[in-house]
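**Student:** I have a structure I would like to understand better, so I am pasting it below and will then ask my questions one at a time.
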Amino acid sequence: MTNSAADPVLSVADLRVTFGERTEAVRGMSLSVARGETHCIVGESGCGKSVTSLAVMNLLPRGAARSAGHIRFHGRDLMGLSEREMARLRGDKIAMIFQEPMTSLNPAYTIGSQMAEVFERHRRAGRRAAMDRAAELLARVGVTAPGMRLGQYPHQLSGGLRQRVMIAMALMCDPELLIADEPTTALDVTVQAQILRLLQKLQQELGLALLLITHDLGVVARMAQRVSVMYAGQVVESGPAAAVFAAPTHPYTRGLLACIPVPGTVRRDEPLGSIPGMVPRIAPGFIGCGFRDRCGSAMPECAGAVPLRDAGGGHTHLCRLLPDATRAPGA
Amino acid sequence: MRLFLFRRLLLAILVCLTVLVISFTLTRLSGDLAASIAGPNATASDIAIITRNYGLDRPLPVQFFDWAGHAATGDLGRSFLYHSPVRELIGARLPVTLTLGLTGLAIALAVSLPLGILAAAREGTAIDRAIMLVALVGQAMPSFWLGLVMIIGLGLDLQWFPISGVDTWQGYIMPGIVLAFSAIPALMRLTRSGMIEALAADYIRTARAKGLSRTKIVFKHALRNAAMPVVSIAAVQLGFILGGSVVIEAVFALPGIGYLAWESITKNDFPVVQAVVLFLAVIYIALTLLADMMNALLDPRLRG
Numbered sequence: 001m002t003n004s005a006a007d008p009v010l011s012v013a014d015l016r017v018t019f020g021e022r023t024e025a026v027r028g029m030s031l032s033v034a035r036g037e038t039h040c041i042v043g044e045s046g047c048g049k050s051v052t053s054l055a056v057m058n059l060l061p062r063g064a065a066r067s068a069g070h071i072r073f074h075g076r077d078l079m080g081l082s083e084r085e086m087a088r089l090r091g092d093k094i095a096m097i098f099q100e101p102m103t104s105l106n107p108a109y110t111i112g113s114q115m116a117e118v119f120e121r122h123r124r125a126g127r128r129a130a131m132d133r134a135a136e137l138l139a140r141v142g143v144t145a146p147g148m149r150l151g152q153y154p155h156q157l158s159g160g161l162r163q164r165v166m167i168a169m170a171l172m173c174d175p176e177l178l179i180a181d182e183p184t185t186a187l188d189v190t191v192q193a194q195i196l197r198l199l200q201k202l203q204q205e206l207g208l209a210l211l212l213i214t215h216d217l218g219v220v221a222r223m224a225q226r227v228s229v230m231y232a233g234q235v236v237e238s239g240p241a242a243a244v245f246a247a248p249t250h251p252y253t254r255g256l257l258a259c260i261p262v263p264g265t266v267r268r269d270e271p272l273g274s275i276p277g278m279v280p281r282i283a284p285g286f287i288g289c290g291f292r293d294r295c296g297s298a299m300p301e302c303a304g305a306v307p308l309r310d311a312g313g314g315h316t317h318l319c320r321l322l323p324d325a326t327r328a329p330g331a
Numbered sequence: 332m333r334l335f336l337f338r339r340l341l342l343a344i345l346v347c348l349t350v351l352v353i354s355f356t357l358t359r360l361s362g363d364l365a366a367s368i369a370g371p372n373a374t375a376s377d378i379a380i381i382t383r384n385y386g387l388d389r390p391l392p393v394q395f396f397d398w399a400g401h402a403a404t405g406d407l408g409r410s411f412l413y414h415s416p417v418r419e420l421i422g423a424r425l426p427v428t429l430t431l432g433l434t435g436l437a438i439a440l441a442v443s444l445p446l447g448i449l450a451a452a453r454e455g456t457a458i459d460r461a462i463m464l465v466a467l468v469g470q471a472m473p474s475f476w477l478g479l480v481m482i483i484g485l486g487l488d489l490q491w492f493p494i495s496g497v498d499t500w501q502g503y504i505m506p507g508i509v510l511a512f513s514a515i516p517a518l519m520r521l522t523r524s525g526m527i528e529a530l531a532a533d534y535i536r537t538a539r540a541k542g543l544s545r546t547k548i549v550f551k552h553a554l555r556n557a558a559m560p561v562v563s564i565a566a567v568q569l570g571f572i573l574g575g576s577v578v579i580e581a582v583f584a585l586p587g588i589g590y591l592a593w594e595s596i597t598k599n600d601f602p603v604v605q606a607v608v609l610f611l612a613v614i615y616i617a618l619t620l621l622a623d624m625m626n627a628l629l630d631p632r633l634r635g
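The listed protein sequences correspond, in order, to chains S and X. Heads up: the first sequence runs through residues 1 to 331, numbered per this note's numbering. Heads up: the second sequence runs through residues 332 to 635, numbered per this note's numbering.
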């Protein structure tokens with residue numbers, strides 16, 4: 001788990017994504033995911049976490065432009081690949097699942113047809129072999145009566161089942177990297193737990209590198225070996241999940257953690273923690289800490305360049321404060 | 332699926348009955364039928380004889396049920412003008428109109444589908460704008476004018492096509508093109524907007540994340556979902572072409588239904604007017620039903 005720097009499946013350095021001249025959604029994002037590792041990107045809506053995942057897949061919407069030091073998949077830089085070469089990797093070695101299981105499947109085609117076409121495309125398999133593979137994977141993700149499901153249409157399935165189908169479809173070609181963008185956000189709480197358990201099980205069995213995007217720290221606590229906390233397009237804190245939860249070093253992370261009610265320690269009449277203000281929209285060329293307008297520890301120098309601090313053990317954060325200083329109460 | 336078909340069929344029958352009532356009522360509202368059949372020089376006794384012979388002295392409900400009952404068995408009455416059964420008149424002209432309509436629709440689809448898809452795939456580019464400009468020009472161009480220009484240019488000057496009649500299949504080409512022109516702008520816009528909407532859908536992002544080829548994404552995943560409104564409108568346009576080709580049939584001197592309708596209206600040949608209105612309405616309803624069925628094939632959600 002700690003060898004992610006040594007031989008990462010995915011390694012991203014200094015990723016930037018701009019939408020026109022007004023908005024820079026991702027500002028120098030770096031991360032790496034190793035085989036068998038779950039790396040969570042966590043942050044509020046609009047912090048750039050989904051855009052990061054789409055940028056890795058080169059699936060950004062029109063009007064968005066990406067640049068990066070590198071986006072390496074097994075050492076091969078994806079930045080230089082043509083669309084055709086990238087398409088050959090997508091769905092094969094790198095798979096992705098999305099937040100909206102209700103709309104992410106094509107309503108006009110059967111589950112079987114949509115699952116089979118990935119296999120046909122990347123493995124040059126015939127329809128029958130692809131359908132067999134699809135049935136096998138449906139069974140693997142816990143769908144009962146897979147043979148019958150193959151002939152069904154998405155509207156005949158519940159949200160949880162559809163997400164299972166999406167996961168099974170993502171696994172059709174034995175990917176090495178699975179990117180899951182808020183895979184449980186649109187689901188009921190009980191179904192969420194099932195899907196998370198499934199992802200965890202599959203990841204361990206298949207040795208997947210899992211890049212999991214979520215806004216839910218509960219999901220992070222449950223799933224992640226490593227976590228990157230994103231704010232306003234930057235990773236403000238990153239490190240082993242245990243270390244980050246035990247001793248968060250960035251004021252934003254501390255604020256996020258304070259928003260979670262803990263039974264037994266939070267009194268009923270006590271208001272839940274919240275971070276005042278909203279994620280700012282940041283234009284290219286922005287200097288300083290993006291969190292300074294909402295931060296209780298902000299100083300005039302926060303408008304200048306922000307240093308990257310190392311708390312040891314691969315635990316870093318982006319703040320003028322030293323790791324110890326942020327532990328002061330009432331940040 | 333069966334329930335869906337049943338509901339649609341029931342609806343179609345109800346619409347048919349409504350049309351029956353309306354077409355009957357409209358002809359009665361246009362004045363004294365016997366007097367207009369008899370002509371300006373007729374005497375009062377002539378009119379009285381005609382009134383009695385055609386049963387126009389009976390109460391309206393009786394006349395209606397008499398006519399509707401016969402219509403239901405396929406007997407649409409006799410024309411005053413041709414002195415032959417209306418059914419034969421329509422039957423003789425139907426092949427011309429049908430061939431013309433289908434030719435027009437085929438040309439319209441062959442042009443508007445590819446261009447609409449191309450415009451959507453290249454949304455916002457010069458190609459898209461050029462295609463939309465063509466649609467605008469097409470919409471603004473009166474079809475009789477285009478027909479005349481084509482007769483002069485392609486028929487008289489270049490002599491590529493016959494300028495009138497349908498003695499050979501070439502006779503259908505020019506009127507077919509003119510009819511297609513009236514349907515192309517709507518079909519093209521609809522294809523474009525449907526494709527733009529489909530291409531922005533989440534399942535297209537999924538398809539891209541699966542690494543599918545651009546061709547497969549556009550033609551398999553987007554087009555099928557974009558096709559439904561196009562199918563519906565294509566059916567309506569075909570109905571329009573079949574019923575509304577009066578002008579084109581006149582310009583190109585084609586012996587079709589449109590021409591028959593025009594003739595019978597001007598000559599007050601009311602059995603023919605009634606029958607043609609009813610006939611076209613039934614065709615319309617049948618086409619809508621066909622479109623619904625095709626959409627049910629395209630979209631599994633409709634079959635529920």
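A virtual CB, placed ideally from N, CA and C, is assigned to each residue, including glycine. Remember, it's a predicted structure, so these values are computed and weren't measured experimentally.
List the residues that DSSP assigns as beta-bridge partners of D77/S.
**Tutor:** DSSP lists R72/S as the bridge partner or partners of D77/S.
**Student:** Using the rule of at least 16 other Cβ atoms within 10 Å of the residue's Cβ for burial, across every protein chain shown, is A511/X buried or exposed?
**Tutor:** buried
**Student:** Please classify A5/S: does DSSP put it in a helix, a strand, or coil?
**Tutor:** Low confidence applies here, because A5/S scores a pLDDT of 46, under 50, leaving its location unreliable; read the following figure in that light. It is coil, neither helix nor strand.
**Student:** Assuming L202/S and L171/S make a contact with CB atoms under 8 Å, what is their CB distance in whole Å?
**Tutor:** Their Cβ separation, rounded to whole angstroms, is 7 Å, which keeps L202/S and L171/S in contact under 8 Å.
**Student:** My assumption, with CB atoms under 8 Å, is that R453/X sits in contact with L59/S. Please give the rounded CB distance.
**Tutor:** About 19 Å separates the two Cβ atoms, so there is no contact after all.
**Student:** Might you give, ordered along the chain, the residues of its own chain that have their beta carbon closer than 6 Å to the beta carbon of D324/S, omitting 5 neighbours on each side?
**Tutor:** none
**Student:** Does S544/X get closer than 8 Å to chain S when you measure Cβ to Cβ?
**Tutor:** yes
**Student:** Are any of the Cβ atoms in chain S nearer than 8 Å to that of T537/X?
**Tutor:** yes
**Student:** Say whether chain X places a C-beta atom closer than 8 Å to the C-beta of N3/S.
**Tutor:** Residue confidence is low: N3/S scores 45 on pLDDT, short of 50, so the model does not pin down where it sits. No coordinate-derived value is stated.
**Student:** Given 7 Å as the limit, tell me if P240/S has its C-beta closer than that to any heavy atom belonging to the ligand FAD.
**Tutor:** As for the ligand FAD, it is missing from this structure, which has no ligand bound.
**Student:** Looking at A13/S: is its Cβ nearer than 8 Å to the Cβ of H70/S?
**Tutor:** yes
**Student:** Do we get a CB-CB distance below 8 Å when we pair Y534/X with the residues of chain S?
**Tutor:** yes
**Student:** If we call anything under 8 Å between Cβ atoms a contact, is A65/S one with L15/S?
**Tutor:** Cβ distance not < 8 Å, so A65/S and L15/S don't count as in contact.
**Student:** Counting only the same chain and skipping the five closest in sequence on each side, list residues whose C-beta sits under 7 Å from that of M131/S.
**Tutor:** G112, A116, L150
**Student:** Indicate the three-state DSSP secondary structure (helix, strand or coil) for H315/S in the structure shown.
**Tutor:** strand
**Student:** Would you list the residues sitting across from A258/S in a DSSP beta bridge?
**Tutor:** Beta-bridge pairing links A258/S to no other residue.
**Student:** Applying the 10 Å Cβ sphere with the 16-neighbour rule, what's the burial state of A246/S?
**Tutor:** exposed
**Student:** Could you tell me the boundaries of the alpha helix (DSSP H) in which A461/X lies?
**Tutor:** 457-471
**Student:** Give the DSSP-derived three-state secondary structure of T23/S in the structure shown.
**Tutor:** strand
**Student:** State the Cα-Cα distance for the pair D340/X and P280/S, rounded to the nearest angstrom.
**Tutor:** It is Leu, not Asp, that sits at residue 340/X in the sequence shown. Their Cα atoms are separated by approximately 57 Å.
**Student:** Compare the C-beta of G80/S against all C-beta atoms of chain X and say whether one is closer than 8 Å.
**Tutor:** no
**Student:** Report the CB separation of Y615/X from G570/X in whole angstroms; it is logged as a contact under 8 Å.
**Tutor:** Separation of the CB atoms of Y615/X and G570/X is rounded to 4 Å, and the pair is thereby assigned contact status at 8 Å.
**Student:** In chain S, which residues lie less than 8 Å from R632/X when you measure between Cβ atoms?
**Tutor:** The answer, in chain order, is P107, Y153, H155.
**Student:** Within 8 Å (strictly less), CB to CB, does E100/S reach chain X?
**Tutor:** yes
**Student:** Tell me the DSSP bridge mates of D649/X?
**Tutor:** Outside the displayed range of chain X (332 to 635) lies residue 649/X, so it cannot be described from this structure.
**Student:** Would you call the region 91-111 of chain S and the region 37-45 of chain S in contact, with 3 or more CB pairs under 8 Å?
**Tutor:** no
**Student:** Under 7 Å Cβ to Cβ from A566/X, same chain only, skipping five residues before and after it: list those, please.
**Tutor:** L618, T619, L621, A622
**Student:** What separation, rounded to the nearest whole angstrom, lies between the Cα atoms of G542/X and L530/X?
**Tutor:** 15 Å
**Student:** Compute the distance between the beta-carbons of Y252/S and V219/S, then report whether it is under 8 Å.
**Tutor:** no
**Student:** Is I260/S buried or exposed, if buried means 16 or more other CB atoms sit within 10 Å of its CB?
**Tutor:** exposed
**Student:** Would you verify that the beta carbon of L10/S is, or is not, closer than 8 Å to some beta carbon of chain X?
**Tutor:** no
**Student:** Is it true that the CB of H317/S sits closer than 8 Å to the CB of A243/S?
**Tutor:** no
**Student:** Contact defined as beta carbons within less than 8 Å: I believe M526/X pairs with I448/X. What is the distance between those atoms, to the nearest angstrom?
**Tutor:** 6 Å
**Student:** Check whether the Cβ of D92/S lies closer than 8 Å to any Cβ atom in chain X.
**Tutor:** yes
**Student:** Could you tell me if G330/S is buried or exposed, where buried requires 16 or more neighbouring beta carbons within 10 angstroms of its beta carbon?
**Tutor:** With a pLDDT of 42 at G330/S, under the threshold of 50, the modelled position of that residue is not reliable, and no figure is offered here.
**Student:** Measure from the C-beta of L89/S to each C-beta in chain X and report whether the shortest distance is under 8 Å.
**Tutor:** yes
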